[in-house]
Amino acid sequence: MLPNKQDHSTVNIRAAHVRRLEFHGSRTAAPSRRTLAEVLLSLPLRLQTSLEIDRLLGFFLEEAQHLLPLSGLTYHHSETDFHLQIGQPVESNDVSYSLFHQGESIGELSLLSNEAIPEWALDQAEQLITCTLFPLRNALLYRRAIQASLKDPLTGAGNRIALEQGLVRETELSRRHDQSLSVVMLDMDHFKALNDTYGHQAGDAALKAVALLLKEQLRNVDMVFRFGGEEFVLVLSNTGAEAALVVAERIRAAVQTLCLLVGEKQVRLSASLGCATFMPTESHEQLLRRADVALYQAKRDGRNLTRIASA
Numbered sequence: 031m032l033p034n035k036q037d038h039s040t041v042n043i044r045a046a047h048v049r050r051l052e053f054h055g056s057r058t059a060a061p062s063r064r065t066l067a068e069v070l071l072s073l074p075l076r077l078q079t080s081l082e083i084d085r086l087l088g089f090f091l092e093e094a095q096h097l098l099p100l101s102g103l104t105y106h107h108s109e110t111d112f113h114l115q116i117g118q119p120v121e122s123n124d125v126s127y128s129l130f131h132q133g134e135s136i137g138e139l140s141l142l143s144n145e146a147i148p149e150w151a152l153d154q155a156e157q158l159i160t161c162t163l164f165p166l167r168n169a170l171l172y173r174r175a176i177q178a179s180l181k182d183p184l185t186g187a188g189n190r191i192a193l194e195q196g197l198v199r200e201t202e203l204s205r206r207h208d209q210s211l212s213v214v215m216l217d218m219d220h221f222k223a224l225n226d227t228y229g230h231q232a233g234d235a236a237l238k239a240v241a242l243l244l245k246e247q248l249r250n251v252d253m254v255f256r257f258g259g260e261e262f263v264l265v266l267s268n269t270g271a272e273a274a275l276v277v278a279e280r281i282r283a284a285v286q287t288l289c290l291l292v293g294e295k296q297v298r299l300s301a302s303l304g305c306a307t308f309m310p311t312e313s314h315e316q317l318l319r320r321a322d323v324a325l326y327q328a329k330r331d332g333r334n335l336t337r338i339a340s341a
């Protein structure tokens, strides 16, 4: 059930539902563009319109920026492996909170600022965070409910439905906040020969090993999906073309070090990869298609290679 205004009033920030962890920088006053009362009226109404965590926190940031000199925020919920960054991190003038609702941890939130945040503004921020707790908890419950249906049962990576949803969300965020986004498509080389020679159990073991390697090689904010068969798609947030190529080459080299033991025989693996970086004028389908074209160029050029998509 979505929260109402009465629900908001029952969440008491001073009762440790939100705990400030750290603050850096001096405290100076700054004028606000709207009053706190106005924001406290508009924010709860916006928060009732979505169960998507990134949209809720986007609403929160937009409303909070009427009162605070915020450049962005980060949010992390470890249980559901959700990570979000809006805007760019700064070296100082940030403040972090542990969020709780009825004793349940609902994540870590950091507010980012390019200038010092005054104490009175932090008090206002905490009132806005209080409004966000119940909607955020509902969004997390929704996320948990759908996660089970969005994973590939063999590898634990996201499935194609999850890829579609994740890529739509990431391209929207990239376009809205002018952030880089890259996609890497990986295809295991000679996978049919592996299955034909050693059996499908060996093929399954190889897929599991590669999926685990991908998760170990990537940041928490990045996403791994099984696209189908022996193909995986990596969605790299806040990653430009050059950085994506570095990541892809690191993964390609790491796959070469994998040694699959089939009986008493050691089987070496390799993979081909294609990289594409998001252009604001294209759709998420076009971005994925360009990565796919680059992947098959790597296949045609001899396999165990990385190729970059053309614009």
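In this note's numbering, the protein residues as written are 31 to 341.
Think of the CB as a built atom: it goes at the ideal place given N, C-alpha and C, for glycine as much as any other residue.
In this structure, C305 is the residue among L86, G332 and C305 with its C-alpha nearest to the C-alpha of L266. In the DSSP assignment, Q231 falls within the alpha helix (DSSP H) that extends over H230 to Q247. In the DSSP assignment, R64 falls outside any beta strand (DSSP E) and carries neither an H nor an E. Contact annotation: the segment 302-318 touches the segment 260-274, with at least three C-beta pairs closer than 8 Å. Non-local beta-carbon contacts of D252 in its own chain, meaning distances under 7 Å to residues more than five positions away in sequence, involve L264, V265, L266 and S267 in chain order. The DSSP-derived three-state label of T160 is helix.
Straight across, the Cα-Cα distance linking G233 with L288 is about 13 Å. The beta-bridge partner set that DSSP reports for K295 consists of V292.
Taking 8 Å as the cut-off, the Cβ atoms of P310 and R205 count as close. Distance between Y326 and A284, taken at the CA atoms: about 20 Å. Looking at the DSSP output, M215 bridges to V263 and G304. If you look at R337, you'll find it in the beta strand (DSSP E) that goes T336 to I338.
Counting along the chain, T104 sits inside no alpha helix (DSSP H); it lies in the beta strand (DSSP E) bounded by residues G102 to H107. Going by C-alpha positions, Q177 is about 18 Å away from P165. Fewer than three beta-carbon pairs drawn from the segment 141-155 and the segment 167-183 are found closer than 8 Å, and the two stretches are therefore not classed as touching. Counted as a single uninterrupted DSSP element, the beta strand (DSSP E) harbouring Q115 occupies residues F112 to I116. Around D322, the same chain offers M215 and G304 as residues with beta carbons nearer than 8 Å, after the five sequence neighbours per side are excluded. Cα atoms of V254 and A241: separation of roughly 8 Å, rounded to the nearest angstrom.
For G196, the three-state secondary structure derived from DSSP is helix.
In the structure shown, G88 adopts helical secondary structure according to DSSP, grouped into three states. For V323, the enclosing alpha helix (DSSP H) begins and ends at H314 to R330. Your pair L299 and A236 checks out as a contact, with CB atoms roughly 6 Å apart and the cut at 8 Å.
The three-state reading of DSSP puts S135 in strand, counting E and B together. Taking 8 Å as the cut-off, the Cβ atoms of H314 and L197 count as close. Apart from the 5 residues on each side of it in sequence, G259 sits with its Cβ closer than 8 Å to the Cβ of F221 in its chain, given in chain order. Judged by DSSP secondary structure, V277 falls within the alpha helix (DSSP H) whose first and last residues are A271 to T287.
Within the same chain, and ignoring the five residues on either side of D84 in sequence, the residues whose Cβ sits closer than 7 Å to its Cβ are L114, R199 and L203. Selection M218, T227, A187 and G270 evaluated against E246 yields A187 as nearest (Cα-Cα).
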